[in-house]
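Residue numbers (full-length UniProt numbering), protein chains in the order written: chain A, 1 to 118; chain B, 1 to 144. Down below is the structure, laid out as structure tokens.
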Amino acid sequence: MELSLATRTVGEHTVLEVGGEVDVYTAPRLRERLLELIDGGARHVVVDLGRVDFLDSTGLGVLVGAHKRLRTAGGSFALVCDKEPLLKIFRITALDQVFPLHPTVEAAVGAGPTGANA
Amino acid sequence: MATVRLSFSPAPVHVRTARLVGVAVARRAGVREDLLDEVRLAIGEACTRAVALHRQYGLADPVLVEMSDGGSYAVRVVDRAPIEAGIGLTALPPDELANESLTDEALTTGVGFALLAGFVEDLQVRPVDEGIGTEVRMVWPVGR
Numbered sequence: 001m002e003l004s005l006a007t008r009t010v011g012e013h014t015v016l017e018v019g020g021e022v023d024v025y026t027a028p029r030l031r032e033r034l035l036e037l038i039d040g041g042a043r044h045v046v047v048d049l050g051r052v053d054f055l056d057s058t059g060l061g062v063l064v065g066a067h068k069r070l071r072t073a074g075g076s077f078a079l080v081c082d083k084e085p086l087l088k089i090f091r092i093t094a095l096d097q098v099f100p101l102h103p104t105v106e107a108a109v110g111a112g113p114t115g116a117n118a
Numbered sequence: 001m002a003t004v005r006l007s008f009s010p011a012p013v014h015v016r017t018a019r020l021v022g023v024a025v026a027r028r029a030g031v032r033e034d035l036l037d038e039v040r041l042a043i044g045e046a047c048t049r050a051v052a053l054h055r056q057y058g059l060a061d062p063v064l065v066e067m068s069d070g071g072s073y074a075v076r077v078v079d080r081a082p083i084e085a086g087i088g089l090t091a092l093p094p095d096e097l098a099n100e101s102l103t104d105e106a107l108t109t110g111v112g113f114a115l116l117a118g119f120v121e122d123l124q125v126r127p128v129d130e131g132i133g134t135e136v137r138m139v140w141p142v143g144r
């Protein structure tokens, strides 16, 4: 399945809903969209991986890049993910210790900018 | 023993094709359904690594993927990059991952290797027998 990207605003958070396959071919589009959002002034970004059915190291690299960029800008970055195969990828790479991971968008937004930055 | 060989130009768009073929052959070989996600991810990572190396060295040579089922399901992903490029594959500790100075390239390589090592119990990375290049060899049990 091709990559799909949709953005919405929830309070002071920008939520990017990602669907399909994030791999070496499609990850550059995800990177571009995240950069557009951040350059456009988004400071509290939540990436919803709920409809992602494949994620590789290139996609993880893009997410880490956005996380770093927002941290430098004094913002926050959080992920929404409740699928075991994807959670396993975060555990194996130890990226579960880098990203705030939430089961739902509500939980991610509810954690607030401060909580999401923990 | 049945063998399927796929060789593709080193372009990111073809990595998905390699994953799809790799999983189709795995299923046919009798690899357990619950392992197929790992097979898909591991073949993708090995091919992504090979494509990145070919692009880094400006090599137009195809990347070779060879799948065979002889008692187990074995996949070889062969690149043609100078051997020193294949060395230095290490998983990164968590505090390194968020390190500001780490380049995106180094991060993706480190994460890719962590995924390979984490998902493939029987994994070998070694020089090819003939000529220049590295072979990533992965083996999964078959359930039949």
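All C-beta atoms, glycine included, are put in the ideal place defined by N, C-alpha and C.
Helix, strand or coil at residue i [DSSP, three-state]
i                     : result
Ser4 (chain A)        : strand
Ala2 (chain B)        : strand
Gly19 (chain A)       : strand
Pro141 (chain B)      : strand
residue 145 (chain B) : With chain B running from 1 to 144 in the structure shown, residue 145 (chain B) is simply not present.
Arg43 (chain A)       : coil
Glu45 (chain B)       : helix
Leu95 (chain A)       : helix
Ile87 (chain B)       : Because Ile87 (chain B) sits at a pLDDT of 49, beneath the cut-off of 50, its placement in the model cannot be relied upon, and the following sentence gives the value as read from the coordinates. Note: Ile87 (chain B) maps to coil in three-state DSSP.
Glu135 (chain B)      : strand
Gly50 (chain A)       : strand
Ser101 (chain B)      : coil
Glu84 (chain A)       : helix
Glu121 (chain B)      : coil
Asp79 (chain B)       : coil
Partners in chain A for residue i, counting only beta-carbon separations shorter than 8 Å
i                : result
Gly118 (chain B) : Ile92, Thr93
Val4 (chain B)   : Chain A residues near Val4 (chain B): none, gap ~21 Å exceeds 8 Å.
9 Å Cβ cutoff, residue i in contact with chain A
i               : result
Ile87 (chain B) : Because Ile87 (chain B) sits at a pLDDT of 49, beneath the cut-off of 50, its placement in the model cannot be relied upon, and the following sentence gives the value as read from the coordinates. Ile87 (chain B) does not count as touching chain A.
Asp61 (chain B) : no
Ala81 (chain B) : no
Val15 (chain B) : yes
Ala52 (chain B) : yes
Candidates the options: closest to residue i by CA position
i                : options                             : result
Val78 (chain B)  : B:Glu33, B:Gln124, B:Pro141         : B:Gln124
Val139 (chain B) : B:Ile132, B:Ala74, B:Arg49, B:Arg32 : B:Ala74
Val58 (chain A)  : B:Ser72, B:Asp104, B:Asp37, B:Asp34 : Val is not the amino acid found at residue 58 (chain A); the sequence shown has Thr there. Nearest C-alpha to Thr58 (chain A): B:Asp104.
Leu95 (chain A)  : A:Ala78, A:Ala73, A:Leu70           : A:Ala78
Arg40 (chain B)  : A:Val45, A:Leu30, A:Leu37, A:Leu55  : A:Leu55
Asp69 (chain B)  : B:Arg5, B:Ala29, B:Phe113           : B:Ala29
Ala60 (chain B)  : B:Ser7, B:Arg137, B:Asp122          : B:Ser7
Ala18 (chain B)  : B:Glu33, B:Glu45, B:Leu35, B:Val142 : B:Glu45
Asp23 (chain A)  : B:His54, B:Thr48, B:Ser72           : B:Thr48
Arg51 (chain A)  : A:Glu17, A:Arg31, A:His67, A:Gly65  : A:Glu17
Leu102 (chain B) : A:Val47, A:Val64, A:Lys88           : A:Val64
Short CB-CB distance (under 9 Å) between residue i and chain B
i                : result
Glu21 (chain A)  : yes
Leu101 (chain A) : no
Val24 (chain A)  : yes
Under 9 Å by beta carbon: chain A residues contacting residue i
i                : result
Leu107 (chain B) : Ser57, Leu60, Gly61, Val64, Gly65
Cross-chain neighbours of residue i in chain A, by beta carbon under 7 Å
i                : result
Ala114 (chain B) : Ile92, Thr93
Pro12 (chain B)  : Val24, Tyr25
Val77 (chain B)  : None at all; the shortest Cβ gap to chain A is about 13 Å.
Val65 (chain B)  : Going along chain A, no residue has its Cβ under 7 Å from Val65 (chain B), so there is no contact; the nearest lies around 15 Å.
Chain-ordered neighbours of residue i on chain C, where CB pairs are closer than 7 Å
i                : result
Asp104 (chain B) : The structure shown contains no chain C; its protein chains are A and B.
Please identify, using Cβ separations under 7 Å, the residues of the stretch 120-135 of chain B that lie next to chain A, in order along the chain. none
Compile a chain-ordered list of the residues in the stretch 75-91 of chain A whose CB is closer than 7 Å to at least one CB of chain B. Pro85, Ile89
Any C-beta of chain A within less than 9 Å: which residues of the stretch 18-50 of chain B qualify? Arg19, Asp37, Glu38, Arg40, Leu41, Gly44, Glu45, Cys47, Thr48, Arg49
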